[in-house]
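Just so we're aligned, residue 1490 is where the sequence shown starts under our numbering, counting upward by one. Where is the CB? At the ideal position from N, CA and C, for every residue including glycine. No experiment lies behind these values; they were computed from the predicted model shown. Below is one structure, written out as structure tokens; the observations come after it.
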Amino acid sequence: MQIFRWGFLAGVTFVLFACAGTQVIPSPAATGSKPNAIVAAAHSALGTPYSYGGNTLNGFDCSGLVSYAYRQAGIMVPRSSSEQFRQATRVPLHNLQAGDILFFRLNPPKVSHVAIYARNGRFIHSPSMGKHVSYASLDNPYWSKHLVAAGRFLPR
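Here it is, written out as structure tokens:
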């Protein structure tokens, strides 16, 4: 019986120490912050087809995705990319934070594409007809060449 008790205690101790070394990372929505909720809402739309004028999980255009993600976090932003650009508070590109809006000029002279900055140089967007909501990287030469500004609608 004594051997059983020691074996049991050793097993429990092993499990407790093994679990203590495992870091549990909460989902963005679980942290409760608005920026994380914005990214989580955009992330939940991954795979949704592009739809011109779309702003629901049935289909999104780029500004519709931004509008939708912010709305899910309880923040109303303008619907069009040009109004989002006009009304957002500018953020230096070296100071990007999750939830910030990235503005791209694909067809000069106006801003014609927007995305939500996720983290680590990656963003979520609804690229174009025939594509789906997806991640992309600022390291991609195409996107870095066309990035013109960043903005936010949140006090930080």
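- Taking 8 Å as the cut-off, the beta carbon of HIS1635 is found no closer than this to the beta carbon of PHE1574.
- Taking 8 Å as the cut-off, the Cβ atoms of GLY1619 and TYR1539 count as close.
- Boundaries cannot be given for ILE1564, as no beta strand (DSSP E) includes it and DSSP labels it neither H nor E.
- In terms of CA proximity to VAL1528, ILE1590 leads the group GLU1572, GLY1536, ILE1590.
- In the three-state scheme derived from DSSP, where H, G and I count as helix and E and B as strand, SER1615 is classed as coil.
- By the criterion of at least three beta-carbon pairs nearer than 8 Å, the segment 1558 to 1570 is not in contact with the segment 1578 to 1587.
- Cα atoms of GLY1548 and THR1537: separation of roughly 6 Å, rounded to the nearest angstrom.
- DSSP, reduced to helix, strand and coil, places PRO1538 within a strand of the structure shown.
- When the beta-carbon positions are compared, TYR1624 and ILE1613 come within less than 8 Å of each other.
- Take LEU1595, set aside five residues on each side of it, and the residues of its chain with a beta-carbon closer than 7 Å to its own are SER1601, HIS1602, HIS1635, in chain order.
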